[in-house]
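Trainee: Provided herewith is a single structure, encoded as structure tokens, for subsequent inquiry.
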Amino acid sequence: MNPVLAALPTTIFTVMSGLARELGAINLGQGFPDDPGPEDVRERAAEAVRDGDNQYPPMMGLPTLRAAIAAHYARHQDLHLDPQTEVMVTSGATEALAASLLGLIAPGDEVVLFAPLYDAYLPLVRRAGGIPRIVNLAPPHFQLDAEALARAFSDRTRLVILNNPLNPSATVFAEENLALLAEACRRHDVVAICDEVWEHIVFDGRTHCPLMALPGMRERTVKIGSAGKIFGLTGWKVGFVMAAPPLLKAVASAHQFLTFTTPPCLQTAVAYGLGKEDGYFSDMRTRFARSRDRLSAGLAARGFTVLPSAGTYFLNVDIAPLGWDDDVAFCQNLVRRHGVAAIPVSAFYDADPVRTIVRLCFAKQDSVLDAALDRLGDAARGAA
Ligand code: PMP
Ligand code: GLN
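Numbering (my numbering), first residue to last: 377 to 760.
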């Protein structure tokens with residue numbers, strides 16, 4: 377077995393969802409909404425399966441979807457992308473990340489990453505032969521700073537991976553911090569892979585600022601999106617890569633040997649969905665923000681210290697004030713004794729993890745959140 381992969385445990389999402397199933401626990405671990413998702417978008421997919429063309433779609437993605445992606449980002453983020461040469465469809469953001477890293481890393485290249493980091497990044501960087509240089513961001517704000525960037529970037533740096541909004545910390549990077557990163561990329565001639573799958577799920581009047589829009593970044597950013605997140609249909613695994621033609625060509629050369637293409641019925645439905653009116657996206661944000669506030673207020677009332685959540689489906693709690701110093705032990709106790717699955721944030725680090733933060737997914741019906749809160753209250757009190 378490849379040694380990079382042999383050294384790794386099963387992902388924390390699989391472990392916690394498995395325990396939730398086995399124990400009948402409420403699953404606030406792996407991030408997915410518990411509603412069926414937009415009916416019109418699902419209806420389009422069903423129609424496309426029934427009446428559409430189900431043979432191999434083009435390797436770069438259906439032309440209708442690539443045009444819809446370009447139109448979507450022009451409307452929502454004022455980005456102007458050529459659907460022919462700057463947009464590609466992948467089988468989820470995960471494949472977009474894999475293709476980007478396999479396509480752009482040459483063995484020995486240094487890659488800057490920020491922890492907490494989404495679990496797929498490190499294995500993919502290492503599998504592609506990259507040398508990770510990881511900067512741990514400090515809780516509770518997890519922002520980039522000039523000093524950390526100066527430590528991480530060097531003349532050997534070829535790539536940086538940023539996730540904004542950041543899963544698991546639910547951080548949205550401030551524009552001035554993105555400017556620091558853009559400046560480091562320009563100074564060291566580095567390409568940025570920006571995983572923006574949570575771009576539509578930002579709260580409290582925030583708007584998403586794509587790294588690609590910063591000065592000097594248009595030609596050196598690979599932007600990644602996910603229809604699974606945009607429509608709350610996480611099993612669909614339809615992703616997008618947007619980049620200037622020379623970068624996209626490199627990513628496409630890896631994509632052609634990974635999955636080659638993505639189910640056409642889902643591409644057709646996503647093309648339709650991306651054109652939905654602005655109200656759909658703002659209602660989604662309002663709904664998730666309400667759920668965040670419900671869980672957050674309930675946790676605070678039960679003695680938890682809740683960290684700020686500016687975006688994503690997640691909020692985090694600091695378990696140190698409850699007397700815990702081990703997030704894995706806390707999550708094992710929570711799922712086994714109290715029936716709630718959560719994610720220990722230490723799983724998102726390579727070295728020197730923060731060990732007292734636990735991630736909870738609030739993209740659930742009120743009744744599910746309320747039932748989870750009762751159980752979390754017992755856990756906070758240390759009840760049996
Ligand atoms: N990147 C981040 C930061 C994510 O949170 C996720 C999924 N939660 C992905 C990538 C993967 O997206 P997809 O399901 O489209 O592969
Ligand atoms: N991205 C999802 C999360 O953070 C999980 C995806 C997965 O299970 N690999 O919960």
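Note that the Cβ used here is the ideal one computed from N, Cα and C, for glycine as well.
Every value quoted in this text rests on a predicted model; they were computed, and no experiment measured them.
1. Please enumerate, following chain order, all residues with a beta carbon closer than 6 Å to at least one heavy atom belonging to ligand 2.
2. Based on DSSP bridge pairs, tell me the residues matched to Cys641.
3. What are the start and end residues of the alpha helix (DSSP H) that includes Glu653?
4. In its own chain, which residues sit with a C-beta less than 8 Å from the C-beta of Arg418, not counting the 5 before and 5 after it?
5. Report, in whole angstroms, the separation of the C-beta atoms of Arg534 and Asp485, which I expect to be a contact under 8 Å.
6. For my contact list, Ile537 and Val487 are in at a C-beta cut-off of 8 Å; report their separation, rounded to the angstrom.
7. Is Gly715 near ligand 1, judged by its Cβ being under 7 Å from some heavy atom?
8. From what residue to what residue does the alpha helix (DSSP H) around Glu551 run?
9. When DSSP builds the beta bridges, which residues end up paired with Glu486?
10. If contacts are defined as beta-carbon pairs under 8 Å, then Leu698 and Ala718 qualify, I think. What distance do you get, rounded to the angstrom?
11. Which residues end up in the neighbourhood of ligand 1 when you take C-beta atoms closer than 5 Å to any of its heavy atoms?
12. Just checking, does the segment 720 to 731 make contact with the segment 488 to 498 on the three C-beta pairs under 8 Å criterion?
13. By how many angstroms is the C-alpha of Tyr432 removed from the C-alpha of Thr637?
14. For the beta strand (DSSP E) that contains Gly753, what are its first and last residues?
15. Rounded to the nearest angstrom, what separates Asp726 and Pro720 at their Cα positions?
16. Quick check: what's the CA-CA separation for His354 versus Gly505?
17. Any idea if Arg668 is buried or exposed, counting beta-carbon neighbours within 10 angstroms, 16 or more meaning buried?
18. If you run the structure through DSSP and keep just helix, strand and coil, what is Val730?
19. Express the C-alpha separation of Ala626 and Val445 in angstroms, rounding to a whole number.
20. Using a Cβ-Cβ cutoff of less than 8 Å, which residues in the same chain neighbour Ile481 once the five nearest sequence positions on both sides are dropped?
Mentor: According to the structure data:
1. Here the residues come out as Thr387, Phe389, Gln406, Gly407, Asn543.
2. Per DSSP, none; premise fails for Cys641.
3. Careful: Glu653 lies outside any alpha helix (DSSP H) and carries neither H nor E.
4. Shown here for Arg418: same chain residues with a beta carbon closer than 8 Å to its own, the five before and five after excluded, namely Pro412, Leu609, Ala645 in chain order.
5. Contact between Arg534 and Asp485 is confirmed by a C-beta separation of about 4 Å, below the 8 Å threshold.
6. That pair is a contact at about 7 Å.
7. False, no ligand heavy atom lies under 7 Å from that Cβ.
8. Secondary structure note for Glu551: its alpha helix (DSSP H) is the uninterrupted segment 551 to 564.
9. Note: Glu486 sits in a beta bridge opposite Ile507, Thr533.
10. Their Cβ separation, rounded to whole angstroms, is 13 Å, which puts Leu698 and Ala718 out of contact at 8 Å.
11. In chain order, the qualifying residues are Gly468, Ala469, Thr470, Tyr494, Asn539, Asn543, Asp571, Val573, Ser602, Gly604, Gly615.
12. Verdict: yes, contact present.
13. Note on geometry: alpha-carbon atoms of Thr637 and Tyr432 lie some 7 Å from one another.
14. Counting along the chain, Gly753 falls outside any beta strand (DSSP E), though it belongs to the alpha helix (DSSP H) covering 742 to 757.
15. Using only the alpha carbons, I get a separation of about 14 Å.
16. Since the displayed the chain opens at 377 and closes at 760, residue 354 lies outside it and no answer follows.
17. Here Arg668 is buried: its Cβ has 16 or more other Cβ atoms, across all protein chains shown, within 10 Å.
18. Of the three classes helix, strand and coil, the one that applies to Val730 here is coil, per DSSP.
19. According to the sequence provided, residue 445 is Ile. The question's Val does not apply to it. Distance between the alpha carbons of Ile445 and Ala626 is about 20 Å.
20. The beta carbon of Ile481 lies closer than 8 Å to those of Val487, Val501, Ala504, Gly505, Gly506, Arg534, Leu535 in the same chain, with the five residues before and after it left out.
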